[in-house]
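Chemist: Residue numbers (the working numbering), protein chains in the order written: chain B, 1 to 181; chain P, 1 to 151; chain Y, 1 to 112. C-beta atoms are modelled at their ideal positions from N, C-alpha and C, and glycine is treated no differently. Source: prediction; values computed, not measured.
1. Taking residue 38 of chain P as the query, report the chain B residues whose CB atoms sit under 9 Å from its CB, ordered along the chain.
2. Taking the C-alpha atoms as reference points, what is the distance between residue 62 of chain P and residue 70 of chain P?
3. Hey, residue 52 of chain Y and residue 103 of chain Y: beta-carbon distance below 7 Å or not?
4. If you draw a straight line from the alpha carbon of residue 165 of chain B to that of residue 5 of chain Y, how long is it in whole angstroms?
5. Find the nearest neighbour of residue 44 of chain Y within the set B:104, B:19, B:128, judged by alpha-carbon distance.
6. Tell me whether the beta-carbon of residue 84 of chain P lies closer than 7 Å to the beta-carbon of residue 155 of chain B.
7. May I ask you to report which of helix, strand or coil DSSP gives residue 1 of chain B?
8. Which ranges would you report for the alpha helix (DSSP H) in the region 88–176 of chain B if only whole runs of at least 4 residues count?
9. Distance check for residue 83 of chain B and residue 42 of chain P, CA to CA, integer angstroms please.
10. Beta-carbon within less than 6 Å of residue 47 of chain P's beta-carbon, same chain only, minus the 5 sequence neighbours each way: which residues are those?
11. For the region 54–72 of chain B, list every residue whose C-beta sits within 8 Å of some C-beta in chain Y, in sequence order.
12. Rounded to the nearest angstrom, what separates residue 130 of chain P and residue 27 of chain P at their Cα positions?
13. Helix or strand or just coil, what does DSSP make of residue 52 of chain Y?
14. Taking the Cβ atom as the reference point for each residue, do residue 111 of chain B and residue 49 of chain Y lie within a distance shorter than 7 Å?
15. Count the other CB atoms within 10 Å of the CB of residue 129 of chain B; is the residue buried (16 or more) or exposed (fewer)?
16. Can you pull the chain B neighbours of residue 54 of chain P, defined as C-beta to C-beta under 9 Å?
17. Cutting at 6 Å between CB atoms, please list the residues of its own chain near residue 135 of chain P, excluding the five before and the five after it.
18. Report yes if the CB atom of residue 89 of chain Y is closer than 7 Å to the CB atom of residue 64 of chain B, and no otherwise.
19. Please identify the residue among B:140, B:135, B:118, B:113 whose C-alpha is closest to the C-alpha of residue 126 of chain P.
20. With a threshold of 16 other CB atoms inside 10 Å of the CB of residue 114 of chain P, please say whether the residue is buried or exposed.
21. Would you verify that the beta carbon of residue 62 of chain P is, or is not, closer than 7 Å to some beta carbon of chain Y?
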């Protein structure tokens, strides 16, 4: 699993670059690199459905983020308050890692999952649904209700974007600020 | 660059020629991934996003006005509602057998063929319509929004 | 166990970005990094050593497959992440238009 470790270290380095760099378009390019490395990681972990979906969703996410970037530079003031906030955030991160050791020891080791429900899905999937792709038969037949919930979330998000970006017509002819109801 | 001051004109001639040659292949690839969702990796979500990306490719290369004649925004909202309604109809049709979301076709066909697995290909097509049209509408609205009072 | 810790460090880089940075677009980037880390963690939990992808073939009998249930959940989660990113990016465009700045410490006046 050496390639998985190398990919994860590459992703962490790309994420740190995306967080710290001043130019916004470079930060978006760095996040794109992290997403593409994640797609390769899904392929190494034997999940081809997810690799295809993550690749195309990453491309669309980059297009939307570039559209939302109107100013190119960020101005970060360096004062005493900024250092206090950064140190507090780092202290929180250290505390989180310290408390994460105990639950991680309780989990089954990496590479030996306890597949109780999935055992029945893998054994009966082809016979009961007729689909060769077990992941498709799970999301559309065994757990179709979750897919209905996800379709609802997508629908609501599309309606939300159309409502936020709407130009309300001018009811008064004199002012331009009469747009927000 | 000439494309930035009048975004209705699109990009240069090389980009437009390559787009004419390849955008049909991208959409065909998306349809293939949707229809073979029960036999090989992919499914409705990935295929829907690929089809939306092919239309976005048209908008980026030819400018907004010429591309919206091919697939306008009202047609996009029609397809999205159609996809959502089709999905709910397939789910409610399971009441014939007594459950919500029942796989109603009793004889499920021979496995590993294209026409098999009951309602799963139909659900994939409904989700593809919904996701593709919805994401294309989101992109068109975000691009058409001009900064109003502040330039 | 070391690989789970690396995944949690990626998640914490995203949390640091949301807590400390003040530009709107940087906050959206931090949210995106957190989503990548969580999806990767689910698939790491469900991996089986020397397993194969959960797709059956016509003339082979495959015995050792990875866990398909986390893959179904993460497929849903990736598309939901895209929808949320589109929504908050459109809100960011609208905020910049109304207040003239993308700095969240100066966007304080809530009207209406």
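Modeler: So, from the data block:
1. 129, 130, 131, 132, 133, 136, 137, 140
2. 11 Å
3. no
4. 41 Å
5. B:104
6. yes
7. coil
8. 117–129, 134–137, 144–164
9. 47 Å
10. 30, 33, 34, 128
11. 54, 57, 60, 61, 64, 65, 67, 68, 69, 70, 71
12. 15 Å
13. strand
14. yes
15. buried
16. Within chain B, no residue comes near residue 54 of chain P; the closest Cβ sits about 11 Å away, beyond 9 Å.
17. 52
18. yes
19. B:140
20. exposed
21. no
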